[in-house]
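Working notes for the structure below.
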Amino acid sequence: MTFVSAAFLFAALAGAIPVVLHMINRQQAKNLPFSTLRFLRISAEKTRRRKRIHDLLLMLLRVAVLILLAFGLAEPTLTSLSHFWGNGSTAVAILLDNSASMGVIDEGRPRFETARDAARQILGELGDGDQVVLMLTGGPKLDNQERLQTAHDKVLQAIDQAAVSYERAELAEKLRDAENLLARTETQNKQIYVLTDMQQLSWEGLKERAQKPADAERADHPGEQVPLIVVDCNRNPKPNVAVTGLELKAVVPVAGLPITAMVELFNAASAPQKRHAELYVDGAKTATSPELEIPPGERLAHGFQFVLEQGGMHRGELRIVGDDGSRYDDQRYFSLEVDQGIPVAIVKSREHEIPYLEDTFYLEQALAPARSGAWAIRTTSLTAGELQSEPLSNYKVIFCVNLEAPEAGTAQRLRAYVAGGGNLVWIAGDRVDPAAYNAMNEQAGGQLLPAPLAEVRLPNPSDGRDSWRIAWLDETDPAIGQLAEPASLYQSVLIYKHLRIDTVAAAAAKVLARLDDGEAFLVRAAVEKGAVIMLAAGAHVGWSNLPVRPIFLPMMARLVFELAGAEQTRHRALAGSPLTVQLDDQLQPVLVEVRTPSGATIQQESQPMGGGGQKFTYPDTHDVGIYTLRLLDTARPSTIPYSVNLDPDEADSKTLARDELEKTLAPAPVIFADDPEDLSSTFKTLREGESLWETLLAGVLLVLVFETLISNLLKPQQGEEQYKHLDPGFRRLARKGETASLAG
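Start counting the sequence shown at 1245; every next residue gets the next number (the numbering used here).
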């Protein structure tokens, strides 16, 4: 402990004044000759003992008051804090939180502006030769960042260049880096300033950090406890609503079909908020919501529906409009790649003179029901002979309807098509010979059929059966599961001829539909990147009434949608997270062109992976928006869109309690600045120590209160009660505290 005005300590000698006065004012009892009365002697002795205790306590309390006043006037301070900023050189680490939550308007301006001003105050308090380092929590690194230096003007320039980023803060990690950095310097005084809004999300990992062993740099200074000075910029934030979620739902991403965008809004304020939301697609406003009222601290979902008229990749954005507390969480980006139509090939044995007699007639009607306007499927009619030369990779799905078993060359082309990601659907008919198909499948390594084929069977009238019915659909299958209800939709289908499929012999086969006698009707199997399917009845009315039942069109269309990848993979990432692409089938480096939301283009090569193949990583996702990755050196050049957005948890306004931070970081001292806009009192505390004047003043007041209480409570009673056993004359003497000297 030190004293700013040590001369006032001499005033503590005034504590002797009550002692002197106590000795002077001691009354001597008068000796009066009187007759012998033992009751008077007993009463006088009791009164004298009580008065001695009363006077002693009052004297001690009055001495304490004078001494405490003397110590208070001397301005005592705790020297343990003054050691943090003594007469020697100083090393300071400034952790500047520039996460998105620091962009909230607080007390009329962004919190980050308050934090930057505080950082400038810290620089202004440093002397020549003092070392300082600026550490930002996110965004691109600035020049001269994250290294100790004595050139304060360069650090000031970095502070001026710093801006709010879309990345979340990792304060626990940054704090560890700052401690390791300061441990490498032999400077006498060390300090770490954290300029933040105390958001709880930013302090995640704090407990784990405390449990980790010290790094090598800090191990050389085991007893060193660097103080943490926290400048809390969270005071009175403006009400804020954030976009925290956006999901796209579509039957299939194809031009002309409706798409639903479900948006989630979060109200971080303590009062209800009203906002409008707007949907933009390719830079044009597509839809506007009605006024949405969001309850305090809750989330609200709203749906937009829109249609894309053209195929290709589209960029979208959801915005909140109106006056809001932060602009950094008012938008969310998405990308969507749609086809002009799913390319499907329908292969027939040969052209027929009468179209409606062709085996493919009903299938073509089901997959292309609209004669004009946009539709999700584009069909191409082929003959079996054209399979030998047609580029099969142009089609997402190929239907082979009532074909004779393809020749070896065609079968190998179909096998390669399926292995590369194609989807092959076989439909039975009179030309399908089970033995020939099984032989073809064996030559193709079992990759052209979902399971071996058995005989074609007919219902036996002697058993009272003239047909079979579809009795079961797999409700879990994404293609036809939604057609399972109502059951009458498929139970009205009659099967007159049936091609048995030996699913027992194929463990990988999945049965999607069964007949009422348990036999498989629709079977699917995955083959490398593609799939093969077998429909055990013809696509014409000669085998069943399925082609003319209402279920036929949705069954075939949904089968195409699912096989073609109706739910495309949408690449998404959070700001600050790297974008990655794995190229398992590439052995040589691949050149990738990255286009950022700002329009800048960067070209980089992929790197080999440990298990083979190539991997491309792009780490600089500091901005939100759409990033496009173009793979230039692959067999099939392609473009991968990535939508990068703010972490939705960044809108959470929950803060970390100060006592919890102090407890977690103990025994290192934690000091909280009183005012983020004026740190002068904090600097004074660090230089001079923590003043005890207020504590001593409170002690003086407390002692005075006790002095008054004791003076009143312990004062000898003046009533008649204590002397009621005495003669009235003796009572008067006893009240005066006089003691009679009795003569024998």
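Backbone N, C-alpha and C define an ideal beta-carbon position, used for all residues, glycine too.
Taking the alpha carbon of Ala-1335 as the reference point, which residue from Lys-1398, Val-1470 and Glu-1448 has its own alpha carbon closest?
The residue you call residue 1335 lines up with position 91 of the sequence shown. The shortest Cα separation from Ala-1335 among Lys-1398, Val-1470 and Glu-1448 belongs to Val-1470.
Take Tyr-1572 and list the residues in its own chain whose beta-carbon comes closer than 6 Å to its own, dropping the five residues that flank it on each side.
Taking the sequence shown and counting its residues from 1, one reaches residue 1572 at position 328. Taken in chain order, the residues that qualify are Ala-1344 and Gly-1347.
Cβ-based burial, Val-1582 [other Cβ within 10 Å; buried from 16]:
Here residue 1582 refers to the residue found at position 338 of the sequence shown. Val-1582 should be labelled buried.
Considering only the alpha carbon of each residue, which of Leu-1626, Val-1485 and Gln-1632 lies closest to Gln-1575?
Numbered from 1 along the sequence shown, position 331 holds the residue referred to as residue 1575. Checked all of Leu-1626, Val-1485 and Gln-1632; the closest Cα to Gln-1575 is Val-1485.
Can you tell me which of Glu-1423, Phe-1510 and Asn-1342 puts its alpha carbon nearest to the alpha carbon of Ala-1541?
For the purposes of this step, residue 1541 is identified with residue 297 of the sequence shown, where counting begins at 1. Rather than Ala, the amino acid found at residue 1541 in this sequence is Gly. Nearest option by C-alpha distance: Phe-1510.
Where do the ends of the alpha helix (DSSP H) carrying Asp-1903 lie?
Residue 1903 sits at position 659 when you count from the first residue of the sequence shown. That run of the alpha helix (DSSP H) goes 1902-1909.
Expressed to the nearest angstrom, what Euclidean distance is found between the alpha-carbon atoms of Phe-1578 and Gly-1560?
Locating residue 1578 in the sequence shown gives position 334, counting from the first residue. Locating residue 1560 in the sequence shown gives position 316, counting from the first residue. The straight-line gap from Cα to Cα measures roughly 5 Å.
Grab me the residues of Lys-1434's own chain with a C-beta within less than 7 Å of its C-beta, minus the 5 sequence neighbours each way, in chain order.
For the purposes of this step, residue 1434 is identified with residue 190 of the sequence shown, where counting begins at 1. Excluding the 5 residues flanking it on each side, Lys-1434 has same chain C-beta neighbours closer than 7 Å at Ala-1335, Leu-1426 and Val-1470, in chain order.
9 Å is my cut-off, CB to CB: does Pro-1497 come that close to chain C?
Looking at the structure shown, chain C is missing, and only one protein chain is on hand.
Indicate whether the contact test is met: 3 or more Cβ pairs, each with one atom in the region 1820-1827 and one in the region 1768-1776, closer than 8 Å.
Here the region 1820-1827 makes no contact with the region 1768-1776; the two share fewer than three CB pairs at distances below 8 Å.
Span separating the alpha-carbon of Ala-1402 from that of Asp-1387
Locating residue 1402 in the sequence shown gives position 158, counting from the first residue. Locating residue 1387 in the sequence shown gives position 143, counting from the first residue. If you take the alpha carbons of Ala-1402 and Asp-1387, they lie about 7 Å apart.
What whole-angstrom Cβ distance do Trp-1712 and Ile-1739 have, given they're in contact under 8 Å?
Sequence index remark: in the sequence shown, residue 1712 carries index 468 (1-based). Sequence index remark: in the sequence shown, residue 1739 carries index 495 (1-based). Right, their Cβ atoms sit about 4 Å apart.
Determine the DSSP secondary structure at Lys-1928, reduced to helix, strand or coil.
Start at 1 with the first residue of the sequence shown, and residue 1928 comes out as number 684. If DSSP states are grouped into helix, strand and coil, Lys-1928 belongs with the helices.
Pick from Val-1662, Ala-1610, Glu-1906 and Leu-1450: whose alpha carbon is nearest that of Asn-1638?
Here residue 1638 corresponds to residue number 394 of the sequence shown, with the count starting at 1. The shortest Cα separation from Asn-1638 among Val-1662, Ala-1610, Glu-1906 and Leu-1450 belongs to Val-1662.
Do the region 1744-1760 and the region 1787-1796 make contact, defined as three or more Cβ pairs closer than 8 Å?
Under the 8 Å Cβ criterion, the region 1744-1760 does not count as touching the region 1787-1796, having fewer than three qualifying pairs.
Tell me which residue opens and which closes the alpha helix (DSSP H) that Leu-1658 is part of.
Start at 1 with the first residue of the sequence shown, and residue 1658 comes out as number 414. 1652-1663 is the span of the alpha helix (DSSP H), which, as asked, contains Leu-1658.
Can you tell which of Gln-1517, Asp-1476, Leu-1450 and Ile-1503 has its C-alpha closest to the C-alpha of Lys-1482?
Here residue 1482 refers to the residue found at position 238 when the sequence shown is read from its first residue. Here the closest residue by C-alpha is Gln-1517.
Buried or exposed for Arg-1902, please, with buried defined as at least 16 other CB atoms from any protein chain shown within 10 angstroms of its CB.
Residue mapping note: residue 1902 aligns to position 658 of the sequence shown, counting from 1. Label assigned to Arg-1902: exposed.
What do you get for Asn-2025, buried or exposed, if any count of 16 or more other CB atoms within 10 angstroms of its CB means buried?
It is not possible to answer for residue 2025, since the shown part of the chain is limited to 1245 through 1988.
Between the beta-carbon of Leu-2004 and the beta-carbon of Val-1669, is there less than 9 Å?
This structure cannot speak to residue 2004, because the chain is shown only from 1245 to 1988.
Length of the line joining the Cα atoms of Val-1474 and Thr-1504
Locating residue 1474 in the sequence shown gives position 230, counting from the first residue. Locating residue 1504 in the sequence shown gives position 260, counting from the first residue. When rounded, the distance between both Cα atoms is 46 Å.
Classify Pro-1722: buried if its beta carbon has 16 or more other beta carbons within 10 angstroms, exposed otherwise.
Indexing the sequence shown from 1 puts residue 1722 at position 478. When all chains shown are included, Pro-1722 counts as exposed.
Residue burial classification, Lys-1418 (beta-carbon count within 10 angstroms, cutoff 16)
Start at 1 with the first residue of the sequence shown, and residue 1418 comes out as number 174. Label assigned to Lys-1418: buried.
Counterpart residues of Gly-1560 in DSSP-defined beta bridges
Sequence index remark: in the sequence shown, residue 1560 carries index 316 (1-based). Looking at the DSSP assignment, Gly-1560 forms a beta bridge with Val-1525 and Phe-1578.
Assuming Gln-1435 is part of the beta strand (DSSP E), what are its boundary residues?
Position 191 of the sequence shown, counted from the start, is the residue given in the question as residue 1435. Element bounds for Gln-1435: 1433-1440.
What would DSSP say about Lys-1398, mapped onto helix, strand or coil?
Position 154 of the sequence shown holds residue 1398. If DSSP states are grouped into helix, strand and coil, Lys-1398 belongs with the helices.
Output needed for Gly-1566: all residues of its chain with C-beta closer than 7 Å, excluding positions within five of it in sequence on either side, in chain order.
Position 322 of the sequence shown, counting from 1, holds the residue named residue 1566. Correct list, in chain order: Arg-1519 and His-1520.
Looking at C-beta atoms only, is the number of pairs between the region 1688-1701 and the region 1723-1734 that lie closer than 8 Å three or more?
no
Find the nearest neighbour of Ser-1570 within the set Arg-1353, Arg-1816, Ser-1850 and Asp-1877, judged by alpha-carbon distance.
Locating residue 1570 in the sequence shown gives position 326, where the first residue counts as 1. Looking at the Cα atoms, Arg-1353 is the closest of the given residues.
Starting from the Cα of Glu-1491, find the closest Cα among Leu-1803, Gln-1858, Leu-1900 and Arg-1814 and give me that residue.
Within the sequence shown, numbered from 1, the residue matching residue 1491 stands at position 247. Looking at Leu-1803, Gln-1858, Leu-1900 and Arg-1814, the one whose alpha-carbon comes closest to that of Glu-1491 is Arg-1814.
Any heavy atom of the ligand SAM closer than 8 Å to the beta-carbon of Asp-1746?
Among the ligands in the structure shown, none appear at all, so the ligand SAM cannot be discussed.
Thinking C-alpha only, which one of Leu-1400, Glu-1651, Ala-1413 and Gly-1373 is nearest Asp-1341?
Along the sequence shown, one-based indexing puts residue 1341 at 97. Comparing Cα positions, the closest option is Ala-1413.
Pick from Thr-1358, Ala-1757, Ala-1695 and Gly-1373 that is closest to Asp-1404, judged by C-alpha positions:
For the purposes of this step, residue 1404 is taken as the residue at position 160 of the sequence shown. Ranking Thr-1358, Ala-1757, Ala-1695 and Gly-1373 by Cα distance to Asp-1404 puts Thr-1358 first.
CA-to-CA distance, Asp-1891 to Gln-1549, given in whole angstroms:
In the sequence shown, counting from the first residue as 1, residue 1549 sits at position 305. In the sequence shown, counting from the first residue as 1, residue 1891 sits at position 647. Going from the Cα of Gln-1549 to the Cα of Asp-1891 covers about 25 Å.
Over the uninterrupted beta strand (DSSP E) stretch that includes Ser-1882, give me the two end residues.
Taking the sequence shown and counting its residues from 1, one reaches residue 1882 at position 638. 1882-1889 is the span of the beta strand (DSSP E), which, as asked, contains Ser-1882.
Give the straight-line distance between the Cα atoms of Thr-1627 and Ile-1538, rounded to the nearest whole angstrom.
To locate residue 1627, count along the sequence shown from 1; it is residue 383. To locate residue 1538, count along the sequence shown from 1; it is residue 294. Rounded to whole angstroms, Thr-1627 to Ile-1538 spans 59 Å at the Cα level.
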